Structures are given as structure tokens and as C-alpha cells.
Amino acid sequence: MLGSVLLACLPSLPAHAETLMDAVESAYATNPTLVEQRYRQKSTNETYVQTRGQYGPSVSVTGQATYTYEKLRQRSGDSYDGELSVSVRQPVYSGGRLRGALAEARANVRGSQEQLRRVEGEVVRLVIQAYGAVLRDQQRLEVSRENVAALREQLAERKARRKVRDATITDVAQSDARLAAGESQLASAEAQLAISRGDYLRIVGHEPGALQPMPELPGLPETIDEAFAVADQENANLTAARFSEEASRANIAEQRGNKRPQASISASAGKLGPLSPYDRHNLTTEVTAQITITQPIFQAGTISSRIRQAQDQNNAAQAALDGERRQALQDVVLAWSQLSAARVAVVAGRRQVEAAQITFAGMQREEQYGLRSTTDVLNAEQELASAQLTLLSSRYSEYVARASLLLAMGRLDARTVNSAIPARDLDAEFKRVRWRGISPTEPAAMLLDRIGSASPHARPKVELRGANQPKPTGATTMPPPPPKDSVEEPLTPISKSRVVTAAEIPSIVGDYGDPPPLPDDPR
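In case it helps, mature numbering (1 follows the signal peptide of the UniProt record, and there is no 0) puts the sequence shown at residues -17 to -1, 1 to 506.
What follows is the structure, encoded as C-alpha cells:
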């Protein structure tokens, strides 16, 4: 598609030329933004383990040594005492506080998984943009070089005609001015290619070499309603907002648990006695066991305030969820409209290039017979170069818009481009650490905590809009994909422009009508 056009005027690619699949694979493994988000997601997994661990026992060992010096008038003395004890504490019932905190931690884990999925999609889109930009700017550089070469040839021709008084100094100056502008444009094209190559290095992790054409992107919707429906279920930001709202509901249950009684069992055992002189028979053994039940009675409104605060936070999460849904729909409309406009621009741009090619060649021929001025020829050449540059940009924009639409729907990831990349099972990664370090008493404590506690999985409130969320209706109709010849045929170099007959005019240019009849006068 885009790549085959952009590389049409370049030398043939070596067998080891890099593909978009290679670039995505490299970025998937080494892109700093993606790697950072993976570790952040893993750290969120650990918050679940830390919350679950509060159900288990805590064991600690305490050792203490004390030196005492006493003096009374003429008498003094000192002593060395020591103590070593082991303490165990096991929560029995938290009134649902830990149950709510654990549900909140689980929802946060699932939300972080969606955030990672969104970052992966954004990185893949950046790879596509960087890859296509390098291909585009390579070809734009070729067009700029062709433009300068054609202008130099025209300047040399007018200088030669000036010597035989067939052209004026004005004609020469006009050609030289356009050449200077073309050389400036060429320098800008070289700089832009260097910038795109640097951006490629930043995103992919290495400099681009020879790049192969870009492949098709599967999964594009047939209608915008289909895109809306998919985005409502799979858009990563929207799904993450749902889990954030779920976590806020669990937090309400956690705060309600602070009103209920809490119970724990603790025990300690230790020995204490003098260390100097040490005699194990003089050590005292102490063993203590206790059950502690705590029922808050009055907290000056603190607990009730926290419950109300959690409810307000849940209402805010509901509003944020509605906002994310609206943003998801807008992202779909934006990408859909950009893709629609880019497809029209590709087809129209090719027609413009074809017509400008004919115009430029005809202007050159007509100038030789005095039918056109130097300005007419220079303008035609400039319009041809501009049309080619615009067409290359339209082809690039059309491909990137496809990736943006898939991202807005929630269906752009590394496997969209390279199916050989193994999918990361985030749930499996979570399950590997979920029960790590669990003690035998934790399952029993979890069951006891369900008695009389508020459920952290309460039904969500009716969403602000929900199924009645209005959808945009002003989206444009998606044109069919551009014909392959519109995106795959190589651009004819400016210097290769030639005069064509009416029968040779490409069909894409259109019917210009029959030529007028030839006069009887052979002149």
C-alpha cells in the first residue's frame, strides 16, 4: 500500500529490509513507555497481595537488653537484664473493611491492565506513524530532488536561449528565483527526513534502514455504528473507567466496615531475667493470649464522613465514566472522518498529479512555439511538484487514520500488525502473584469477613446516560478504499513528463472533450 508507493522511485530493497512487523516487534520489546507501563501494572498486582496479606497472621520476635545503674549515698550497683519474646496476631473479623479493600484492589488491577492495553495500542500507532513518516519523507525528498533537477535544467535552457536572444533576462531571473525556492524546499525535505528517522529511533529503538512496504491493517469496521458498538465494549480508556467506578463502589463497602466490630487473636511468649550473672534457672517464662474485640461507638462523625466521601467519589467516578464514553465516541468520529477525508484526498490527489503531469509537459512544448510564457511553465512545474508532495502526504494520512480508528475502537495492539508476537496473558501474570505467601488461616478469615458486611460488589447505579447515550449523527459516509493503482503505482518523475495525445489521457483524469477540427490551411 503506502510503502510500495513511497519506495517506488528508490533502488530495489535488499532481502533483509525491515518490515513494519519487525519494527512493531522491536518496539513491543524495548519501547521505554511500554516497558514502564508494564512494570507499573505489575506493581499494581502487588497491591492486591499486600491487601490480602492483612487477613493473615503477623509474627514478630522482640529481643531487649537493659543495663541499669543505681547509686544510693555510698552504695551503688548495676544490673544487666534481658528479654526475648515471640508475638503472634491473627485478625478474625474486620466487619467487611478488608473485604472491601480487597475488592477495590482487584478492580484497580483490572483497570491497570486496561491502561497497559491502551499504552500498547498508542505505541503501535506511534510505530506506524514513524515507519510511514520515514517512507513518506524518503519519497518527498526524491520529489524535491526531481523538482530541483527540473528547475536547473530549465534555467540552463533559458540561459542558452538568452545567448541567442530567444529569451529575456526576466525569463532567466524567474527560473533562477524558482530554483532558489526549490533548493530551499530540498533542504527542508532533507531536514524533515532526518527528524523522522530520529523519531523512528526514539520509538522503535534503532535507526531505520531499508524499509519494506506497509501491510494491510485488518479489522476495520464496515459502518460507523459498528465502530461505536465495538468502542463501547472494547475502548481501553472506557473499560478502565468502568473498573475505576467499580473500585470506588468497593471503597464504600470498605468505609462501611469501619462501623462494625473488629476482632483479632494475639498471643506472645517470652523469657526474661538477668544477663549478668547469667543463670538459665533464674529466667522467668511469660505466656500471654488474648482476644480483642473493638466496636466503635463515637468517632465525632469521622466514619460517617468517610462513607459520604466514598459515595461522592463514586458519583464522580460515574460522571468520569460518562465522560470517557463521550470521548470514546468522539475519538471514533475523529478517526472515521480523517480516514474518510484521506481516502477522498488520495483519489483526488492522483487525478491532480495525472492532470498536472500532462499540463507541465504541454506547457513546455507550447513554450517552444511561443504559446506560453516562462511563468506559465514554472507555475505548471511547481503545481506538479506540489501535487506529488500532497499525494504522498494523503497516502500517509490514510494509512495512519486506519490505525487511529482501530485504536479508538480498542482493537489496535501489536498482534494487529504482527500476529507472531505472543499475547501477554495479564490475568495469568496476576494469578502467579495473587496467592503468593498465603497462610492457612487467610481463607477462613476471608469467609468470616463476609458475615454481616456490606457487599463490595453492589449493583452499580444507573449510568448518567448508559444505553441512552446519544451518538453523533453528522459523520460522513466512508468512501470505498482507494483503488490499488492509486496507492501502489509509482510516481512519474517530473523530468519524465511527456506530451500525450487525447487517446493516451488516463481515464482517472477525465474526458476533456474532442479537439477542434484542423483548419484547411496546413500552416
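Heads up, the beta-carbon is just placed ideally off N, CA and C, and yes, glycines get one too.
Quick caveat, the model's predicted, so the values are computed rather than measured.
Using CA coordinates, which residue listed in the options is at the minimum distance from residue i?
i, options, result
"G345", "A363, A331, D159", "A363"
"Y11", "D159, R108, G46", "R108"
"A458", "T358, S323, D432", "S323"
"T424", "I152, L194, S247", "S247"
"T206", "P257, E307, G240, A318", "A318"
"P244", "G435, S251, A391, D295", "G435"
"V400", "P198, R72, Q371, N14", "P198"
"P473", "T51, P196, E97, K146", "P196"
"L375", "S127, V42, T2", "S127"
"R93", "E381, S167, T27", "T27"
"V327", "L304, R355, Y382, E217", "Y382"
"D468", "G284, R333, P201", "R333"
"H440", "Q137, S179, E228", "E228"
"H189", "L389, A403, P500, N14", "N14"
"N265", "G256, P405, L389", "G256"
"V71", "W418, P204, V270, Q301", "V270"
"residue 510", "Y22, P74, R23, P465", "With the chain represented from -17 up to 506, any question about residue 510 goes unanswered, as that position is not in the structure."
For residue i, name the three-state secondary structure that DSSP assigns.
i, result
"D64", "strand"
"S127", "helix"
"P15", "helix"
"A150", "coil"
"A48", "strand"
"K54", "strand"
"M(-17)", "The predicted position of M(-17) is uncertain, since its pLDDT is 46 and thus under 50; a value taken from the coordinates is nonetheless stated next. Coil, per DSSP."
"Y22", "helix"
"Q278", "coil"
"S158", "helix"
"S259", "strand"
"L194", "strand"
"E307", "helix"
"E1", "strand"
"P426", "helix"
"S369", "helix"
"A164", "helix"
"S(-6)", "Unreliable placement is indicated for S(-6), whose pLDDT of 47 sits below 50; no coordinate value is reported for it."
"N401", "coil"
"V492", "coil"
"I290", "helix"
"R82", "helix"
"R348", "helix"
"S438", "coil"
"V482", "coil"
"T459", "coil"
Please go through the same chain and pick out, in chain order, the residues whose beta-carbon is closer than 7 Å to the beta-carbon of residue i, but skip the five residues on each side of it.
i, result
"K454", "F211, L312"
"T30", "A88, N91"
"A133", "E364, I477, S478"
"Q340", "L367, T475, S480"
"P(-4)", "Per-residue confidence for P(-4) stands at a pLDDT of 48, beneath the threshold of 50, marking its modelled position as unreliable; no derived number is given."
"Q371", "V126, V336, L474"
Considering only residues of the same chain and omitting the five flanking positions on each side of residue i, which have a CB-CB separation below 8 Å?
i, result
"R433", "G79, R82"
"P489", "E337"
"A293", "S231, N234, I235, E237, Q238"
"E136", "S478"
Could you tell me which residues DSSP puts in a beta bridge with residue i?
i, result
"K254", "L67, T268"
"A174", "The partner list for A174 (beta bridge, DSSP) is empty, contrary to what the question assumes."
"R141", "Bridge partners of R141: none, in fact."
"V42", "V71"
"A246", "Y76, I276"
"S59", "K54"
Can you find the residues in the same chain that come closer than 6 Å, C-beta to C-beta, to residue i, ignoring five residues on each side of it along the sequence?
i, result
"E53", "G60"
"R141", "A150, D154, V155, S158"
"Y495", "none"
"L176", "D120, L124"
"E349", "R355"
"Q112", "V383"
"R373", "It is worth fixing the name first, because residue 373 is Thr in this sequence and not Arg. Correct list, in chain order: G332."
"S380", "A325"
"T34", "A84, L85, A88"
Quick one: measure Cβ to Cβ for residue i and residue j, integer angstroms, because I've assumed they're closer than 8 Å.
i, j, result
"G420", "G36", "7 Å"
"Y63", "S259", "4 Å"
"A214", "G393", "6 Å"
"residue 508", "A384", "Not covered by the structure: residue 508. The range shown for the chain is -17 to 506."
"L67", "G46", "5 Å"
"A219", "E97", "5 Å"
"V117", "Y183", "5 Å"
"K378", "V470", "Reading off the sequence, residue 378 comes out as Arg, not Lys. Their Cβ separation, rounded to whole angstroms, is 6 Å, which keeps R378 and V470 in contact under 8 Å."
"R145", "I152", "7 Å"
"L390", "E105", "7 Å"
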